[in-house]
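>
This is the structure:
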């Protein structure tokens, strides 16, 4: 019996549960999603300051401050704190990005209260012991040195630095450089801690199987009496784009590298923009799915690479549109030419009905899948809050897809940046790259070192 | 501990006439379905001169047939997505999508299991060979310490052992593959009785079973291949290997052959790896990173399969030699063998393991894959409780027995050292 491809029935419209907004006695905000499915709780305490406030000579300071929280608190050593976390089987992590910082706790429900007590200790009573700081700094500097070996990390350092320029906070890495971290002292880090982890800039996001009122009480008992001085929302940073972007080529030499890492950055949208979801939607058939133009062209048709893709990266002050791949160094020129063709074509807005429909169904499916895990739920709801979007923003976009048209899709594509604004970073063997890109009509290259800083 | 409602999903098992084993795991928390296929073929089954072939073949499974010329286009048109991975023991294929895609996914999956060879061409093979060679460059040749992973199999397994070459294979062998190889490999290994299919998520079991029967019964039954025997080794082939790489920092890797996945001692070594390296007060992190400031990082793990290895890995801080790290690690291992471990250390790790199990249950795709793994290695369907039970049953004495076996005889250890190439310690950008 020969069977044929079945018809696909229409998909159900999915809408995520909205968080319940609650307030602690001191006015701190809690967004909570009650999820009784598993005996698991996940909490994120989000702070509205991140690495972008470090300053050029203290790049990496916020990351060091964050790492110090688990190096000793409330008179307990790093090892004692670690033992207590391990005893609960919990995860307790502190992280930093350019725009904000977070303390993240996940545990089985039965251990959650004890986990909260530990979170409270590292957040509010860190010790900043000088010998712990010295040890940590030495380790971090060593790890920063190892970053030079990873070509994708090198490409990212160079593209941020060269696209944004040395004065822009996003031109510097969140973790800093070997010399800036090496030059920090404990008073720098303590001062940064006091600013970044100030409860006044904090909000709580959580998902778990504890009843909402009881959950609020758990937080209120520990944090409802903290002094709160300024509103979370009045952070005074305003959008700040890169200095006039222009087409440029940046080479980082890795002699004998068998591949060239290609990373192309162009101006994108800040995370406050109301268009971020539309851009991400249009990016699906361009570079964010297996059937995307970049993947099909560079991997499946030409075999130049194991993969190629693009991403809409939105941050508070500015955003990027990033396209990248690692290609066989011997086809660096032809591969770059294909990137130039595709990026030149994108703002023409000529997606087909077929590409549009694939993007629509892919977006809807990924939306559902992102709600499988507690971490996924938290990521969505906390981003809404942090970026000042309405609670219904993503659900509204999902409903709007039912009547979205190809014409509208292509209109959004026409908003994408011109290739004339691209910074092209190539990490690989310099001699091969120069030979390969001759004749592509690109400007003369400039060079960066393995930390992404320009060299003569 | 783990909630009863999500612990063991009720599974429906049936076998088609052609020998395909099928399991249905219903979980309607979200409108998602997943289809997970395990094929009992991996790099262990490759013949001499064709290393890397099982993985190259996996890529070709996505190259379409006459009736489904482009799998990915059809899947993504309905919001589905897919991928696969190849290991020493097995190849797994997994697709996830909205619940309305179930029938389409089953059609596509069964179609390629019927018709792949008829549609295979030299052009498809050439294209995917280039992709695979680039995968090898991107994940190993152009990554720091990538050469370590290429050198490891032949260092620890004898030449005749099915694990003695890397899964990715050699460039020469990947290049030598032919269309005839593809067809013969398919006919030998992609046989219904050599595969297990798990459907998970928002399915209705009666309908799901009818659909599986409709689409997968058409695959002809063939002789089940004889499985490749994978001996559990005791002694490594080499005692010491030095590798040069373009890296800033040296790296020390110590490896021992260890008990197979799900066998006695396997869960105990997972627990031991936590005691040694999980958390700042674990034995090796405390000693090397905190007390003595010798290493920027130390990690370890029991890497389980039909044959397993236990591995400890450390990166020295500047000015510290790998030999110093090696002495310190051996001294800590000797202390464990001599003085034992405390009940407290042993129990500390158990809550982490329980939590990891609960977290894993959140994703239906991960859950279906783990279920398939449990069927393959434990020959049982009691996942996750049966797997968790191994850890609940583990004892200090069991751990001490396996630690004593591994660490008391120096000749059971293989040590691999990656040295920075001279001149690579400083920036060379021009």
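Protein chains in written order, with the numbering used here: chain A, 10 to 465; chain B, 479 to 908.
All C-beta atoms in this analysis are idealised placements derived from N, C-alpha and C, irrespective of residue type, glycine included.
Output the residue ranges of the beta strand (DSSP E) runs that lie fully inside the region 298-366 of chain A and measure 3 residues or longer, sorted by chain position.
Under the rule that a run must span 3 or more residues, the beta strand (DSSP E) segments found entirely inside the region 298-366 of chain A read 314-323, 328-337.
> Roughly how many whole angstroms lie between the Cα atoms of residue 607 of chain B and residue 311 of chain A?
Numbered from 1 along the second chain, position 129 holds the residue referred to as residue 607 of chain B. Numbered from 1 along the first chain, position 302 holds the residue referred to as residue 311 of chain A. Their Cα atoms are separated by approximately 11 Å.
> Let's test the definition: count the other Cβ atoms within 10 Å of the Cβ of residue 665 of chain B and tell me whether it reaches 16, buried, or not, exposed.
Taking the second chain and counting its residues from 1, one reaches residue 665 of chain B at position 187. It is exposed - the Cβ of residue 665 of chain B has fewer than 16 other Cβ atoms within 10 Å.
> Within 7 Å (strictly less), CB to CB, does residue 82 of chain A reach chain B?
Reading the first chain from its first residue, position 73 is the one you call residue 82 of chain A. So, not an interface residue.
> State the DSSP-derived secondary structure class of residue 646 of chain B, mapped to helix, strand or coil.
Looking up residue 646 of chain B in the second chain gives position 168. Here residue 646 of chain B sits in coil by DSSP.
> By the three-class DSSP mapping on this structure, what secondary structure does residue 62 of chain A have?
Taking the first residue of the first chain as position 1, residue 62 of chain A is located at position 53. Of the three classes helix, strand and coil, the one that applies to residue 62 of chain A here is helix, per DSSP.
> For residue 560 of chain B, is the classification buried or exposed, using 16 other Cβ atoms within 10 angstroms of its Cβ as the cut-off for buried?
On the second chain, position 82 is the one that residue 560 of chain B refers to. Buried: at least 16 other Cβ atoms inside 10 Å.
> Have a look at residue 279 of chain A and residue 67 of chain A and give me their C-alpha separation to the nearest angstrom.
For the purposes of this step, residue 279 of chain A is taken as residue 270 along the first chain, with counting starting at 1. For the purposes of this step, residue 67 of chain A is taken as residue 58 along the first chain, with counting starting at 1. The straight-line gap from Cα to Cα measures roughly 25 Å.
> Looking at the structure shown, is residue 456 of chain A part of a helix, part of a strand, or coil, going by DSSP?
Taking the first residue of the first chain as 1, we reach residue 456 of chain A at position 447. Three-state result, residue 456 of chain A: strand.
> Could you tell me the boundaries of the alpha helix (DSSP H) in which residue 545 of chain B lies?
Locating residue 545 of chain B in the second chain gives position 67, where the first residue counts as 1. It is not in any alpha helix (DSSP H) - residue 545 of chain B carries neither H nor E in the DSSP assignment.
> So what does residue 791 of chain B bridge to, in DSSP terms?
Start at 1 with the first residue of the second chain, and residue 791 of chain B comes out as number 313. In DSSP, residue 791 of chain B forms a bridge with B:731, B:777.
> Can you name, in chain order, every residue of its own chain whose Cβ lies under 8 Å from the Cβ of residue 356 of chain A, other than the five neighbours on each side?
Within the first chain, the letter at position 347 stands for residue 356 of chain A. Here the set comprises 422, 423, 424, 425, 426, 427.
> Measure the Cβ-Cβ separation of residue 216 of chain A and residue 42 of chain A and say whether it is below 7 Å.
The count along the first chain starts at 1 and reaches residue 216 of chain A at position 207. The count along the first chain starts at 1 and reaches residue 42 of chain A at position 33. The answer is yes: Cβ separation under 7 Å.
> With a threshold of 16 other CB atoms inside 10 Å of the CB of residue 825 of chain B, please say whether the residue is buried or exposed.
Numbered from its first residue, the second chain carries residue 825 of chain B at position 347. Looking at its Cβ environment, which holds fewer than 16 other Cβ atoms inside 10 Å, residue 825 of chain B is exposed.
> Quick one: complete alpha helix (DSSP H) runs, 4+ long, within the region 14-73 of chain A?
Fully enclosed alpha helix (DSSP H) runs of no fewer than 4 residues are not present anywhere in the region 14-73 of chain A.
> Could you tell me whether any Cβ in chain A is nearer than 7 Å to the Cβ of residue 599 of chain B?
For the purposes of this step, residue 599 of chain B is identified with residue 121 of the second chain, where counting begins at 1. Cβ-Cβ to chain A under 7 Å: no for residue 599 of chain B.
> Within this structure, are the beta carbons of residue 432 of chain A and residue 274 of chain A separated by less than 7 Å?
Against the first chain, residue 432 of chain A aligns to sequence position 423. Against the first chain, residue 274 of chain A aligns to sequence position 265. Yes, Cβ-Cβ distance for residue 432 of chain A and residue 274 of chain A is below 7 Å.
> If you drop the 5 nearest sequence neighbours on each side, which residues of the same chain put their C-beta closer than 7 Å to that of residue 718 of chain B?
By one-based count along the second chain, residue 718 of chain B stands at place 240. The residues are 893.
> Does DSSP put residue 514 of chain B in a helix, in a strand, or in coil?
Reading the second chain from its first residue, position 36 is the one you call residue 514 of chain B. In this structure, residue 514 of chain B counts as strand in the three-state DSSP scheme.
> What does residue 220 of chain A reach in chain B if we use C-beta pairs closer than 7 Å?
Reading the first chain from its first residue, position 211 is the one you call residue 220 of chain A. Those within 7 Å of residue 220 of chain A in chain B number zero; the least Cβ separation is about 16 Å.
> Three or more C-beta pairs closer than 8 Å, one from the region 531-540 of chain B and one from the region 726-742 of chain B: is that the case here?
With a cut-off of 8 Å, the region 726-742 of chain B and the region 531-540 of chain B do not count as touching, because too few Cβ pairs lie within range.
> Can you name the residues of chain A whose CB is closer than 7 Å to the CB of residue 590 of chain B?
Here residue 590 of chain B refers to the residue found at position 112 when the second chain is read from its first residue. Chain A residues near residue 590 of chain B: none, gap ~13 Å exceeds 7 Å.
> Check the C-beta distance from residue 785 of chain B over to residue 711 of chain B and give it rounded, since I have them as a contact under 8 Å.
For the purposes of this step, residue 785 of chain B is taken as the residue at position 307 of the second chain. For the purposes of this step, residue 711 of chain B is taken as the residue at position 233 of the second chain. Contact flag correct, Cβ pair sits at about 7 Å.
> Should residue 497 of chain B and residue 670 of chain B be called a contact, given that it needs their Cβ atoms to be closer than 7 Å?
Here residue 497 of chain B is taken as the residue at index 19 of the second chain, counted from 1. Here residue 670 of chain B is taken as the residue at index 192 of the second chain, counted from 1. Yes, these two residues count as a Cβ contact at 7 Å.
> Taking CB distances under 7 Å as the criterion, tell me whether residue 836 of chain B reaches chain A.
Taking the first residue of the second chain as 1, we reach residue 836 of chain B at position 358. Interface residue, yes.
> Please decide whether residue 346 of chain A counts as near chain B, where near means a Cβ-Cβ distance under 7 Å.
The count along the first chain starts at 1 and reaches residue 346 of chain A at position 337. So, not an interface residue.
> Strictly below 7 Å CB to CB, what residues from chain B border residue 98 of chain A?
One-based indexing of the first chain puts residue 98 of chain A at position 89. Near residue 98 of chain A (Cβ distances below 7 Å), the residues of chain B are 829, 830, 832, 833.
> Could you pull out every residue in the same chain whose Cβ sits closer than 8 Å to the Cβ of residue 579 of chain B, ignoring the five residues on either side in sequence?
The count along the second chain starts at 1 and reaches residue 579 of chain B at position 101. Closer than 8 Å at the Cβ level, and outside the excluded window around residue 579 of chain B, lie 511, 553, 556, 557, 558.
> In its own chain, which residues sit with a C-beta less than 6 Å from the C-beta of residue 113 of chain A, not counting the 5 before and 5 after it?
Here the question's residue 113 of chain A lines up with position 104 in the first chain. Within the same chain, residue 113 of chain A has close Cβ partners 53, 102.
> Helix, strand or coil for residue 516 of chain A? Go by DSSP, reduced to three states.
Given a span of 10 to 465 for chain A in the structure shown, any question on residue 516 of chain A remains unanswerable.
> Specify whether the region 883-900 of chain B and the region 823-837 of chain B touch according to this definition: at least 3 beta carbon pairs, one from each stretch, less than 8 Å apart.
no
> Report the residue from A:227, A:163, A:72 whose alpha carbon sits nearest the alpha carbon of residue 123 of chain A.
Within the first chain, numbered from 1, the residue matching residue 123 of chain A stands at position 114. For the options A:227, A:163, A:72, the alpha carbon positioned closest to that of residue 123 of chain A is the one of A:227.
> Once the 5 residues before and after residue 244 of chain A are set aside, which same chain residues still bring their CB inside 6 Å of it?
As a working note, residue 244 of chain A is residue 235 in the first chain. Reliability of the predicted coordinates at residue 244 of chain A is poor, the pLDDT of 49 falling under 50, and no value is obtained from them.
> Any beta carbon of chain A sitting closer than 7 Å to that of residue 555 of chain B?
The residue you call residue 555 of chain B lines up with position 77 of the second chain. Cβ-Cβ to chain A under 7 Å: yes for residue 555 of chain B.
> Can you list the residues of chain B that residue 312 of chain A reaches, using a CB-CB cut of under 9 Å?
Locating residue 312 of chain A in the first chain gives position 303, counting from the first residue. Residue 312 of chain A reaches chain B at 604, 605, 606, 607, 608, 609, 611, 612, counting residues in chain order whose Cβ is nearer than 9 Å.
> Report all residues from its chain with a CB closer than 7 Å to the CB of residue 505 of chain B; omit the five preceding and five following residues, and keep chain order.
Here residue 505 of chain B refers to the residue found at position 27 when the second chain is read from its first residue. These residues qualify, in order along the chain: 487, 678, 679, 842.
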